Amino acid sequence: MERTVTLNGPAACGTKAAPPCTLVIFGAAGDLTKRLLMPALYNLSGAGLLAEGFKILGVDHNDNSDEGLRQDLTATMESFTKDATSEFHADHIDPKAWGFVRDRIQFLKGDFEDAAAYAALKDRIEGSVVFYLAVAARFFGPIVEHLGQAGLLKQQDGAFRRVVIEKPFGSDLASAQALNARILKQADESQFYRIDHFLGKETVQSIMALRFANGMLEPIWRREYVDHVQITAAETIGVEDRGGFYEPTGALRDMVPNHLFQLLCMVAMEPPNSFEAEAVRSEKAKVAEAVRPIEPGDAVRGQYTAGTEKGTAVIGYRDEPHVAKDSNTETYVAVKLQIENWRWAGVPFYLRTGKRMTDRLTEIAIHFKPPPFRLFSQSAVTELAPNVMRLMIDPEQGSSTVLNVKRPGPQMRLGRVTTTFRYGDFFTEPPNVGYETLLYDCMVGDATLFQRADNIEAGWAAVDPLLKAWKSAGVEDYAAGTDGPKGAEDLLARDGRQWLPLDGTS
Ligand code: BG6
1 MERTVTLNGP AACGTKAAPP CTLVIFGAAG DLTKRLLMPA LYNLSGAGLL
51 AEGFKILGVD HNDNSDEGLR QDLTATMESF TKDATSEFHA DHIDPKAWGF
101 VRDRIQFLKG DFEDAAAYAA LKDRIEGSVV FYLAVAARFF GPIVEHLGQA
151 GLLKQQDGAF RRVVIEKPFG SDLASAQALN ARILKQADES QFYRIDHFLG
201 KETVQSIMAL RFANGMLEPI WRREYVDHVQ ITAAETIGVE DRGGFYEPTG
251 ALRDMVPNHL FQLLCMVAME PPNSFEAEAV RSEKAKVAEA VRPIEPGDAV
301 RGQYTAGTEK GTAVIGYRDE PHVAKDSNTE TYVAVKLQIE NWRWAGVPFY
351 LRTGKRMTDR LTEIAIHFKP PPFRLFSQSA VTELAPNVMR LMIDPEQGSS
401 TVLNVKRPGP QMRLGRVTTT FRYGDFFTEP PNVGYETLLY DCMVGDATLF
451 QRADNIEAGW AAVDPLLKAW KSAGVEDYAA GTDGPKGAED LLARDGRQWL
501 PLDGTS
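Shown next, in the form of structure tokens:
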């Protein structure tokens with residue numbers, strides 16, 4: 001019998017239209033609004049998931065008008081049809097789906113730090129509102145304070161007031177705690193939706209289904225059977241034009257306590273009692289809190305120098321725009337961490353992320369312990385290679401498992417084979433830039449895929465010793481287009497292990 005289960009959050013898209021509300025976007029002229037929010041709204045509109053009464057109010061400090069903003073955003077949507085490399089690419093823009101969004105766009109000029117802007121905003125909105133902070137992190141605190149002081153976060157007469165906050169949420173444990181304390185003076189935790197766009201990725205959401213909808217996996221998903229876990233987010237791009245942001249940030253802050261920890265939580269959390277937001281978020285918070293703060297001796301930082309990326313010569317990090325010639329910022333980080341709970345004690349989790357690496361690859365690889373060898377000791381088999389299950393997130397989406405099988409022939413000789421499934425072979429994906437589910441979930445009030453204050457702080461607490469130690473630490477070189485610094489290999493070699501290749505082979 002086939003049964004369909006409707007989950008909150010992850011699978012909610014595709015049901016009914018979200019309740020009517022106004023989406024107020026701070027940073028309406030910014031990159032995020034153009035690249036991701038508008039395509040996501042366009043896709044939601046095409047899927048019939050926006051209510052008739054849906055409105056958009058773009059706030060920005062530049063001069064513009066309702067019609068001006070509509071034209072600007074229409075032009076960028078059109079430009080995506082000519083750019084196959086953009087996150088959103090379509091052959092053409094459907095006039096009906098885009099028209100629905102376009103016609104609902106309005107503009108308000110305002111300085112994010114000026115109380116007058118919020119007085120003007122108050123006159124323009126009523127009913128349910130999602131305030132989307134698509135702005136630089138330094139504005140998060142001030143905007144929430146102004147919203148609160150202007151009375152714009154009060155929920156009354158059944159209307160909701162929610163605030164979506166982008167990353168980076170803080171730059172270390174102390175600043176994340178301070179920001180949480182600051183915003184929670186203005187509204188309740190349940191009104192804040194802290195985004196981590198990795199949770200918008202379909203394959204990240206599907207980790208929960210893979211683990212908990214398949215009875216054969218959960219019994220072996222633990223320290224008795226798992227040798228170690230590798231989590232990788234490797235990129236081929238460099239820092240591009242984001243040097244100004246990246247210099248004080250670096251790969252650790254940019255990727256580890258947020259994106260990689262979300263992957264870690266998904267793969268390591270206990271089964272929640274339900275798919276209700278608080279049940280899932282509590283299990284994630286528990287596992288993040290069980291991570292032992294990472295010792296500097298268990299971490300490696302690297303910075304790319306000039307090299308060759310896919311056959312093209314590329315410059316080193318220090319020659320990128322807005323980067324200091326003597327920059328000590330890491331563009332690569334690898335860490336070994338331990339989760340001190342009943343399920344995972346003693347199982348190392350190795351995390352790595354870097355820019356300008358050999359290949360683009362985001363995945364989680366579970367390395368299982370090998371079976372006892374004795375049975376094979378009289379045969380031609382000399383070793384039993386461990387089984388590895390890879391959860392492939394980017395650019396391939398699916399999973400693969402490496403198994404040992406008998407090679408055909410009279411002797412007992414083994415061969416390694418890979419069984420792979422790719423989502424694309426089974427399902428037709430609706431168009432998705434990763435923000436559709438997140439926007440929809442916020443409008444329907446499902447916080448499953450958003451980060452709670454304790455989850456964010458647990459991520460920062462785990463990396464805090466590194467942030468402190470790295471203020472004065474050096475950085476190891478690696479050539480652009482390689483697998484990262486030598487120290488990262490040594491980190492695993494000292495435990496008798498090695499990283500999986502970045503090209504997806506075993
Ligand atoms: C962002 C980081 O949050 O995530 C970027 O700031 C990084 O530096 C990006 O490139 C990676 O996301 P994705 O979805 O391209 O894997």
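Residue numbering for the sequence shown follows the working numbering, beginning at 1 and increasing consecutively. Just so it is clear, CB atoms sit at the ideal spot from N, CA and C, and this is done for glycine as well. Remember, it's a predicted structure, so these values are computed and weren't measured experimentally.
Report all residues from its chain with a CB closer than 7 Å to the CB of L260; omit the five preceding and five following residues, and keep chain order.
Answer for L260: I231, A233, L351, T353, listed in chain order.
Just how far apart, CA to CA, sit G170 and V163?
For G170 and V163, the distance between alpha carbons rounds to 16 Å.
Would you mind sorting H92 into buried or exposed? The rule is 16 or more other CB atoms within 10 Å of its CB.
When all chains shown are included, H92 counts as exposed.
Where DSSP assigns a beta bridge to F26, which residues make up the other side?
F26 is bridged to V59, L133.
Report yes if the C-beta distance between A334 and A488 is below 9 Å; otherwise report no.
Yes, the pair counts as a contact, with Cβ atoms nearer than the cut-off.
Measuring from the CB of I207, is there a heavy atom of the ligand MG at a distance below 8 Å?
The ligand MG is absent from the structure shown, which contains only the ligand BG6.
Is L235 near the ligand BG6 - that is, is its Cβ less than 8 Å away from at least one heavy atom of it?
The sequence as given places Glu at residue 235; Leu does not occur at that position. Flag set: Cβ of E235 near the ligand BG6.
Check this for me: beta carbons of I25 and V59, under 9 Å apart or not?
Contact flag set, yes.
Would you kindly check if the distance between the Cβ of E340 and the Cβ of A290 is under 9 Å?
Against a cut-off of 9 Å, the Cβ pair of E340 and A290 comes out as a contact.
Applying the 10 Å Cβ sphere with the 16-neighbour rule, what's the burial state of W221?
Buried: at least 16 other Cβ atoms inside 10 Å.
With a CB to CB cut of under 6 Å and the five nearest residues on each side skipped, what residues in its chain are close to R292?
Cβ neighbours of R292 beyond the five flanking positions: Q338, E340.
According to the Cβ coordinates, are E166 and A187 closer than 9 Å?
It is not a contact, given that the beta carbons lie outside the stated cut-off.
Use the C-beta contact count for K154: other C-beta atoms within 10 angstroms, 16 or more gives buried, fewer gives exposed.
Exposed: under 16 other Cβ atoms inside 10 Å.
Within its chain, find whatever has a CB closer than 6 Å to the CB of F212; leave out the 5 residues flanking it on each side and keep chain order.
P271, listed in sequence order.
Note down, one range per segment and in chain order, each alpha helix (DSSP H) of at least 4 residues found wholly within the stretch 151-222.
List check, alpha helix (DSSP H) in window: 173-184, 202-212.
Using only alpha-carbon positions, find the residue among W470, I125, G316 that is nearest to F508.
This structure gives no information on residue 508, because the portion of the chain shown stretches from 1 to 506.
F140 to A29, Cα distance in whole Å?
Roughly 17 Å separates the two Cα atoms.
In three-state DSSP terms, what is T358?
Of the three classes helix, strand and coil, the one that applies to T358 here is coil, per DSSP.
Per DSSP, what kind of secondary structure is L50 in: helix, strand or coil?
Here L50 sits in coil by DSSP.
Can the beta-carbon of I315 be found closer than 9 Å to that of G238?
Contact flag set, yes.
What does DSSP give as the partner residue(s) for Y350 in the beta ladder?
The partner list for Y350 (beta bridge, DSSP) reads Q230, K336.
Tell me whether M357, by its Cβ, gets closer than 8 Å to a heavy atom of the ligand BG6.
Not so, every heavy atom of the ligand BG6 lies at least 8 Å from the Cβ.
With DSSP as the reference, identify every bridge partner of A299, one or two as the case may be.
V335.
Can you check whether the CB of A458 is closer than 9 Å to the CB of A268?
For A268 and A458, no; Cβs fall outside 9 Å.
Would you say the beta carbon of G459 comes nearer than 8 Å to a heavy atom of the ligand BG6?
No - the ligand BG6 has no heavy atom lying nearer than 8 Å to the Cβ of G459.
What is the DSSP secondary structure of H509, counted as helix, strand or coil?
Shown here, the chain extends from 1 to 506; a query on residue 509 therefore has no answer.
Quick check: V229 and C265, are their CB atoms within less than 9 Å of each other?
Not a contact, by the Cβ cut-off of 9 Å.
Tell me which same chain residues have a C-beta within less than 6 Å of the C-beta of A97, skipping the five on either side of it?
Around A97: Y42, S45, G46.
Just the Cα atoms here: how many angstroms apart are R374 and S399?
Distance between the alpha carbons of R374 and S399: 30 Å.
Please work out which residues of its chain come closer than 6 Å, Cβ to Cβ, to P257, disregarding the five sequence neighbours upstream and downstream, and give them in chain order.
These residues qualify, in order along the chain: G459, W460, V463.
Are the Cβ atoms of A251 and K355 separated by less than 9 Å?
Yes; because the gap between Cβ atoms is below 9 Å, this pair is in contact.
Please state the DSSP three-state secondary structure of V381.
It is coil, neither helix nor strand.
With respect to 8 Å, is the separation between the Cβ of F198 and the closest non-hydrogen atom of the ligand BG6 below this value?
True, at least one ligand heavy atom lies under 8 Å from that Cβ.
Could you tell me whether the Cβ atoms of T329 and D477 are closer together than 9 Å?
Taking 9 Å as the Cβ cut-off, T329 and D477 do not qualify as a contacting pair.
So what does L392 bridge to, in DSSP terms?
Note that residue 392 corresponds to Met in the displayed sequence, not to Leu. Paired residues: E363, G398.
DSSP three-state label for E224, please.
E224: coil per DSSP, three-state reduction.
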